[in-house]
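These protein sequence lines are chains A and B, in that order. Residue numbering for the first sequence follows numbering that gives the first Met the number 0, beginning at 0 and increasing consecutively. Residue numbering for the second sequence follows numbering that gives the first Met the number 0, beginning at 0 and increasing consecutively. From the three backbone atoms N, C-alpha and C, an ideal C-beta is built for every residue, glycine too. Take a look at the structure below.
2 protein chains.
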Amino acid sequence: MDAIPLLTLKRLPKYLDVLNRFKKAGLKMVSATKIAVFTDVHMTQVRKDLSFTGVVGTPKIGHNIEQLIIAIENCLNWNDISSCFLVGVGHLGKALMGYQELHKKGLRIIAAFDTNPALSDTYYQGIPIHSMEKFSNLLSRLHVHIGILTVPADAAQGIADQMVENGVLAIWNFTPAKLILPEDIIIENVDMSSSLAVLSRRIAERLHIDKA
Amino acid sequence: MDAIPLLTLKRLPKYLDVLNRFKKAGLKMVSATKIAVFTDVHMTQVRKDLSFTGVVGTPKIGHNIEQLIIAIENCLNWNDISSCFLVGVGHLGKALMGYQELHKKGLRIIAAFDTNPALSDTYYQGIPIHSMEKFSNLLSRLHVHIGILTVPADAAQGIADQMVENGVLAIWNFTPAKLILPEDIIIENVDMSSSLAVLSRRIAERLHIDKA
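Here it is in structure tokens:
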């Protein structure tokens with residue numbers, strides 16, 4: 000399985016979103032040009048990105064929408080469901096536990112963990128919540144390879160270390176902590192702080208709030 | 000107020016995180032070199048980024064941690080609280096309504112909106128939830144400039160249009176939808192689908208799952 004460039008991977012879900020809308024609207028075929036218009040990505044780039052899925056379009060006719068959807072989903076491995084563990088059942092953890100889209104995108108949270116004893120042995124959205132004491136043992140026993148981190152930043156590194164020691168290969172990190180892990184571990188950060196920094200500063204610049 | 004480069008803005012919260020940990024540990028002064036080590040950003044870049052905050056370090060002594068924290072927070076406008084509206088009280092919307100960090104980062108959600116009549120005129124985490132009928136009116140009356148979008152992708156563009164018509168200048172978009180809005184509107188996307196695409200594909204490559 001060849002490595003697909005990072006930016007291509009990040010764009011594929013946008014194409015998928017647009018393709019699913021076309022499908023809903025009853026369309027059968029679509030051109031790269033049309034995908035380009037609806038996603039605001041340059042046509043040449045769309046063609047290049049789609050070439051990674053292995054699907055070849057017909058000149059002047061374009062791509063079969065149904066086939067292209069399946070090809071992109073295969074490419075992203077979204078048709079296989081991978082099991083994962085989530086650590087940190089706070090507001091964000093709960094949001095992910097209830098997020099229906101995860102299933103469509105190949106992830107199933109099979110267990111969650113939290114240090115709060117009141118949460119131990121309860122369920123949220125049908126997902127069991129365990130105490131942290133059971134974490135390492137269950138992780139290695141169930142051969143889970145993906146961990147979701149929704150703990151406070153202070154606790155992130157310690158739990159990430161525990162994950163890696165017990166066989167986790169990829170971490171979806173929702174904390175602002177910069178994780179230091181072996182190079183072969185896949186880390187995907189969803190950094191809301193960075194996003195909020197950009198938003199706050201740009202709006203201040205826009206409103207000409209000047210504190211300098 | 001001068002525009003700060005995008006990547007600098009995205010790094011400032013990381014420095015802040017590290018500085019707050021140093022402060023907690025009782026340190027008073029810090030060098031750019033030390034910040035570089037803890038954030039994994041090159042020293043030259045750290046210096047450049049910090050120069051945007053207007054704080055000048057002393058050679059061989061470094062920066063006063065307390066002053067640097069205040070300077071970065073001012074830079075990000077995190078010491079001013081901006082009011083915002085949230086639309087879409089699902090799992091993710093609720094997570095943001097309960098996310099204490101928002102206050103520390105200059106945002107206060109003063110009202111939320113949802114199409115579900117069962118939620119109308121209820122409260123979550125002390126924040127009132129209104130029906131969408133009241134949205135435009137309250138938005139323009141309360142002079143709210145920031146909107147948070149946590150609705151399904153299909154509904155995103157319509158609500159974003161309504162936001163902009165009623166004075167919103169910046170949208171924090173948690174949907175996968177690509178919003179088409181006037182150029183001067185600030186859009187900050189938190190794209191979980193892209194992030195999940197990278198994660199899923201990289202793990203499949205790693206586990207040598209081959210569907211080609």
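field: Outcome for A:Leu-6 when other beta-carbon atoms lying within 10 angstroms are tallied against a minimum of 16
entry: Translated into the one-based positions of the first sequence, residue 6 of chain A becomes position 7. Result: exposed.
task: Step through the CB atoms of chain A and report whether any lies within less than 8 Å of the CB of B:Ser-194.
output: Here residue 194 of chain B is taken as the residue at index 195 of the second sequence, counted from 1. So, interface residue.
task: Excluding the 5 residues preceding and the 5 following A:Leu-18 in the sequence, name in chain order all residues of the same chain whose CB lies nearer than 8 Å to its CB.
output: Reading the first sequence from its first residue, position 19 is the one you call residue 18 of chain A. So the qualifying residues of the chain are Val-29, Ile-34, Ile-64, Leu-67, Ile-68 and Ile-71.
- request: Please check the pair A:Arg-20 and A:Val-40, which I expect to be a contact at CB under 8 Å, by giving their CB distance rounded to whole angstroms.
  value: Start at 1 with the first residue of the first sequence, and residue 20 of chain A comes out as number 21. Start at 1 with the first residue of the first sequence, and residue 40 of chain A comes out as number 41. Rounded, the Cβ-Cβ distance is 15 Å, inconsistent with contact.
task: Could you tell me which of B:Asp-16, B:Ala-2, B:Pro-4 and B:Met-42 sits nearest to A:Ala-152, measuring between CA atoms?
output: What you label residue 152 of chain A is simply residue 153 of the first sequence in a count that begins at 1. With distances taken between Cα atoms, A:Ala-152 lies closest to B:Asp-16.
field: Minimum Cβ-Cβ distance from B:Leu-5 to chain A less than 8 Å
entry: For the purposes of this step, residue 5 of chain B is taken as residue 6 along the second sequence, with counting starting at 1. Closer than 8 Å: yes.
- prompt: Does DSSP put B:Leu-91 in a helix, a strand or coil?
  reply: Position 92 of the second sequence, counting from 1, holds the residue named residue 91 of chain B. Secondary structure at B:Leu-91: helix, using DSSP grouped into helix, strand and coil.
task: Inspect the beta-carbon positions of B:Ala-155 and A:Ala-94 and report whether they are closer than 8 Å.
output: Taking the second sequence and counting its residues from 1, one reaches residue 155 of chain B at position 156. Taking the first sequence and counting its residues from 1, one reaches residue 94 of chain A at position 95. Against a cut-off of 8 Å, the Cβ pair of A:Ala-94 and B:Ala-155 comes out as no contact.
- prompt: Between B:Ala-211 and B:Ser-199, what straight-line distance do the alpha-carbon atoms span, to the nearest angstrom?
  reply: As a working note, residue 211 of chain B is residue 212 in the second sequence. As a working note, residue 199 of chain B is residue 200 in the second sequence. Below a pLDDT of 50, predicted positions are generally treated as unreliable, and B:Ala-211, at 44, falls in that range; the measurement from the model is reported next regardless. Distance between the alpha carbons of B:Ala-211 and B:Ser-199: 16 Å.
- request: Measure the Cβ-Cβ separation of B:Leu-85 and B:Ala-117 and say whether it is below 8 Å.
  value: The residue labelled residue 85 of chain B in the question sits at position 86 within the second sequence. The residue labelled residue 117 of chain B in the question sits at position 118 within the second sequence. Contact flag unset, no.
- request: Within its chain, find whatever has a CB closer than 7 Å to the CB of A:Leu-26; leave out the 5 residues flanking it on each side and keep chain order.
  value: Counting from 1 along the first sequence, the entry for residue 26 of chain A is found at position 27. Taken in chain order, the residues that qualify are Ile-64.
Closer than 7 Å at the beta carbon, the chain A residues around B:Gly-243: Lying before the first or after the last residue shown, residue 243 of chain B is absent from chain B, which here runs from 0 to 211.
- prompt: Do you know how far the Cα of B:Ser-139 is from the Cα of B:Ile-145?
  reply: The sequence position of residue 145 of chain B within the second sequence is 146, counting from 1. The sequence position of residue 139 of chain B within the second sequence is 140, counting from 1. In this structure, the straight-line span from the alpha carbon of B:Ile-145 to that of B:Ser-139 is close to 12 Å.
query: At what residues does the beta strand (DSSP E) containing B:His-129 begin and finish?
result: Along the second sequence, one-based indexing puts residue 129 of chain B at 130. Looking at the DSSP string, the run of the beta strand (DSSP E) that includes B:His-129 is 126-130.
- prompt: Fully enclosed by the region 35-70 of chain B, which alpha helix (DSSP H) runs are 4 residues long or longer?
  reply: Whole alpha helix (DSSP H) segments, 4+ residues: 42-50.
- request: Compare the C-beta of A:Leu-118 with all C-beta atoms of chain C and state if any pair is closer than 8 Å.
  value: Absent from the structure is chain C; the protein chains it does hold are A and B.
- prompt: Beta carbon of B:Leu-180, beta carbon of B:Val-163: below 8 Å?
  reply: Numbered from 1 along the second sequence, position 181 holds the residue referred to as residue 180 of chain B. Numbered from 1 along the second sequence, position 164 holds the residue referred to as residue 163 of chain B. Cβ distance < 8 Å, so B:Leu-180 and B:Val-163 count as in contact.
field: Where A:Met-0 sits in the DSSP three-state scheme
entry: Start at 1 with the first residue of the first sequence, and residue 0 of chain A comes out as number 1. In this structure, A:Met-0 counts as coil in the three-state DSSP scheme.
query: At a Cβ cut of 7 Å, what residues of the region 26-53 of chain A count as close to chain B, listed as they run along the chain?
result: Taking 7 Å as the upper bound on Cβ-Cβ separation, chain B lies near residues Thr-38, Asp-39 and Gly-53 of the region 26-53 of chain A.
query: With a cut-off of 8 Å, does the C-beta of B:Gly-56 fall near any C-beta of chain A?
result: In the second sequence, the residue the question calls residue 56 of chain B occupies position 57. Any Cβ of chain A closer than 8 Å to the Cβ of B:Gly-56 would place that residue at the interface, and such an atom is absent.
task: Would you decide whether A:Thr-52 is buried or exposed? Buried here means 16 or more other CB atoms lie within 10 Å of its CB.
output: Within the first sequence, numbered from 1, the residue matching residue 52 of chain A stands at position 53. By the 16-neighbour rule on beta-carbons within 10 angstroms, A:Thr-52 is buried.
message: Strictly under 8 Å for the Cβ-Cβ distance: is A:Leu-18 near chain B by that measure?
response: Stepping through the first sequence from its first residue, residue 18 of chain A is reached at position 19. No, A:Leu-18 lies away from the interface with chain B (no Cβ there is under 8 Å from its Cβ).
task: Give a yes or no on whether the minimum CB-CB distance between A:Ser-199 and chain B is below 8 Å.
output: Taking the first residue of the first sequence as 1, we reach residue 199 of chain A at position 200. Chain B contact via Cβ: present.
query: Around the Cβ of A:Pro-12, are there at least 16 other Cβ atoms within 10 angstroms (buried) or fewer (exposed)?
result: Counted from its first residue, the first sequence places residue 12 of chain A at position 13. So A:Pro-12 counts as buried.
task: Determine whether the Cβ of A:Val-167 lies closer than 8 Å to any Cβ atom of chain B.
output: Taking the first residue of the first sequence as position 1, residue 167 of chain A is located at position 168. Interface criterion not met: the Cβ of A:Val-167 is under 8 Å from no Cβ in chain B.
query: In terms of residues, what are the limits of the alpha helix (DSSP H) holding A:Val-17?
result: Here the question's residue 17 of chain A lines up with position 18 in the first sequence. Bounds of the alpha helix (DSSP H) holding A:Val-17 are 5-23.
message: Short of 6 Å in beta carbon distance, which residues of its chain neighbour A:Pro-127, apart from the five on each side in sequence? Order them along the chain.
response: For the purposes of this step, residue 127 of chain A is taken as residue 128 along the first sequence, with counting starting at 1. Excluding sequence positions up to five before and after A:Pro-127, its CB lies within less than 6 Å of the CB of Ala-110, all in the same chain and listed in chain order.
field: Segment limits, beta strand (DSSP E) that includes A:Asn-188
entry: The count along the first sequence starts at 1 and reaches residue 188 of chain A at position 189. Here the beta strand (DSSP E) through A:Asn-188 covers 185-188.
- request: Determine which residues share a DSSP beta bridge with A:Trp-171 and list them.
  value: Locating residue 171 of chain A in the first sequence gives position 172, counting from the first residue. A:Trp-171 has A:Ile-147 and A:Glu-187 as its beta-bridge partners, per DSSP.
task: Give the straight-line distance between the Cα atoms of B:Pro-175 and A:Val-45, rounded to the nearest whole angstrom.
output: Taking the second sequence and counting its residues from 1, the one referred to as residue 175 of chain B is at position 176. Taking the first sequence and counting its residues from 1, the one referred to as residue 45 of chain A is at position 46. Here the alpha carbons of A:Val-45 and B:Pro-175 stand approximately 18 Å from one another.
query: Within the 8 Å Cβ cut-off, does A:Asn-76 reach chain B?
result: Taking the first residue of the first sequence as position 1, residue 76 of chain A is located at position 77. Yes, contact with chain B.
query: Mind checking A:Ala-196: buried by the 16 CB within 10 Å criterion, or exposed?
result: The residue labelled residue 196 of chain A in the question sits at position 197 within the first sequence. Classification for A:Ala-196: buried.
message: Determine whether the beta carbon atoms of A:Asn-165 and A:Ser-135 lie at a separation below 8 Å.
response: Taking the first sequence and counting its residues from 1, the one referred to as residue 165 of chain A is at position 166. Taking the first sequence and counting its residues from 1, the one referred to as residue 135 of chain A is at position 136. Inclusion of A:Asn-165 and A:Ser-135 in the CB contact set at 8 Å is warranted, their separation being smaller than that value.
- prompt: Short check: CB of A:Gly-97 to CB of A:Asp-79, under 8 Å?
  reply: Translated into positions along the first sequence, residue 97 of chain A becomes position 98. Translated into positions along the first sequence, residue 79 of chain A becomes position 80. Their beta carbons are not under 8 Å apart, which means A:Gly-97 does not touch A:Asp-79 by this criterion.
task: Counting only the same chain and skipping the five closest in sequence on each side, list residues whose C-beta sits under 6 Å from that of B:Ser-82.
output: Start at 1 with the first residue of the second sequence, and residue 82 of chain B comes out as number 83. Excluding sequence positions up to five before and after B:Ser-82, its CB lies within less than 6 Å of the CB of Arg-107, Ile-109 and Val-143, all in the same chain and listed in chain order.
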